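The block underneath contains the structure these notes are about, expressed in structure tokens.
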Amino acid sequence: MSYFNVKVEDYVAVVTIHQPPANALSSYVLKELSSLMDEFEANKEVRVIVINGEGRFFSAGADIKEFVSVPNGEEFSKLAANGQELFERIETFSKPVIASIHGAALGGGLELAMSCHVRLVTENAKLGLPELQLGLIPGFAGSQRLPKYVGEAKALEMLLTSEPISGAEAAKYGLANHAFAEESLLDETMKLAKKFAAKSPISVSAAIDLINASKTLPYHDRVKKEAGYFGTVFESADAKEGISAFLEKRQPQFKGN
Numbered sequence: 118m119s120y121f122n123v124k125v126e127d128y129v130a131v132v133t134i135h136q137p138p139a140n141a142l143s144s145y146v147l148k149e150l151s152s153l154m155d156e157f158e159a160n161k162e163v164r165v166i167v168i169n170g171e172g173r174f175f176s177a178g179a180d181i182k183e184f185v186s187v188p189n190g191e192e193f194s195k196l197a198a199n200g201q202e203l204f205e206r207i208e209t210f211s212k213p214v215i216a217s218i219h220g221a222a223l224g225g226g227l228e229l230a231m232s233c234h235v236r237l238v239t240e241n242a243k244l245g246l247p248e249l250q251l252g253l254i255p256g257f258a259g260s261q262r263l264p265k266y267v268g269e270a271k272a273l274e275m276l277l278t279s280e281p282i283s284g285a286e287a288a289k290y291g292l293a294n295h296a297f298a299e300e301s302l303l304d305e306t307m308k309l310a311k312k313f314a315a316k317s318p319i320s321v322s323a324a325i326d327l328i329n330a331s332k333t334l335p336y337h338d339r340v341k342k343e344a345g346y347f348g349t350v351f352e353s354a355d356a357k358e359g360i361s362a363f364l365e366k367r368q369p370q371f372k373g374n
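In this text, residue positions in the sequence shown follow the working numbering: the first is 118, and each later residue adds one.
Pasting the structure below:
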């Protein structure tokens, strides 16, 4: 891998963006990330993915230098559509994806983080969408995901001022799940990732799909979908193991089948 370092331990894949100095998300970086997601999907030794950044940043955004080589608006739209497709895949991925954010997650970096299922941040991290400062707008669905977390009014304020918020503020507004001191971020990230990894991959996948169902389905269709999964998951070997472990007062050992 050219742009990522990957380490797998205890069913957790730690994916570190390695694109100094600011971990910019060029089209080549995103293409490599897409290939990694292909590998993780097929790898039963990976149950949770953690994405973080090497050096001073999570990711300071898209590669602006690459923009000047895009010949026209039509090609610029294709660039956006490709990023949106990848980030949609991450948001609907069958395995939990955690963004572990230090330094800064700006522009495309924040859009990547928002596509992850969970965001953990340092208290002094900077999170924002500064594209309007360049006379542009977010292109990787940031304008649609940000209001989901911070509300429409705050999202519009962040877009129109181009000013980031701190990690502590992000946790307050709901953009981040938790904010930690910088020295404890990785330990806290791994604690949460290992809790996720201890669950049955079958029930985890179903839970992620049900949460995402609110994007496209009305309420009664979603609860019908939940009932269907309730029966399907119940028939799995993992469900039988979970019930047996509960009755026997021991920790379950889920195999993913």
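The beta carbon of each residue, even a glycine, is placed where N, CA and C say it ideally should be.
Keep in mind that this is a model prediction, so the values were computed, not measured.
Same chain, Cβ closer than 7 Å to residue i, five either side skipped, listed in chain order
i	result
L302	S217, H219, L237 and T239
R143	A small correction: the amino acid at residue 143 is Ser; Arg does not occupy that position in the sequence shown. If we look at S143 and ignore the five residues flanking it on each side, its Cβ neighbours are D180 and E183.
K271	Y290
T306	V167, I215, S217 and L237
A310	V129, V165, V167 and I215
Own chain, CB closer than 8 Å to residue i, minus 5 neighbours either side, in chain order
i	result
N241	S283, G284, A285 and E299
R339	L327, A330 and S331
P137	E171 and G172
Neighbourhood of residue i by C-beta distance below 6 Å, restricted to the same chain and skipping five residues each side
i	result
A287	V238, L244 and A293
G178	L223, G224, G225 and G226
L327	E343
H234	P213 and V214
I168	V132 and A216
E365	none
M154	none
E208	S232
K312	none
A354	N374
Beta bridge counterpart(s) of residue i as assigned by DSSP
i	result
G245	L223
S217	L237
T133	N122 and N169
F297	T239
A179	L142
Segment limits, alpha helix (DSSP H) that includes residue i
i	result
I325	P318 to N329
F174	First-last for F174: undefined, no H or E at that position.
A314	L302 to A314
A288	G284 to Y290
A362	A354 to L364
A272	E269 to T278
L150	S144 to A159
F347	Y336 to F351
S194	G190 to E208
Element boundaries [beta strand (DSSP E), containing residue i]
i	result
E126	F121 to E126
Test: residue i CB closer than 8 Å to a CB of chain E
i	result
G345	Protein chains in the displayed structure number just one, and chain E is not present.
Nearest to residue i (by Cα), restricted to the options the options
i	options	result
Y128	K161, H135 and N140	K161
E202	S279, E158 and S151	S151
L253	G190, A356, N140 and E208	G190
G172	A230, K195 and N140	N140
L251	T333, L277, N329 and G259	L277
E156	S176, A310 and V125	V125
F114	G259, L249 and A159	Look at the range of the chain in this structure, 118 to 374, and you will see that residue 114 is not part of it.
G200	V123, Y346, A221 and E228	E228
F347	T333, A324, A362 and S361	A324
Y120	A130, H295, V165 and G170	G170
F175	H135, G345 and F193	H135
L249	E280, Y336 and A314	E280
A221	R206, A197 and L246	L246
N374	P335, P255, I360 and A356	A356
A258	F297, S194, K308 and E274	S194
K372	F363, V163 and M118	V163
Heavy atom of the ligand GTP within 7 Å of residue i beta-carbon
i	result
K161	Among the components modelled here there is no ligand, and therefore nothing to report on the ligand GTP.
Contact the segment 257-264 vs the segment 314-322: 3+ CB pairs below 8 Å: no
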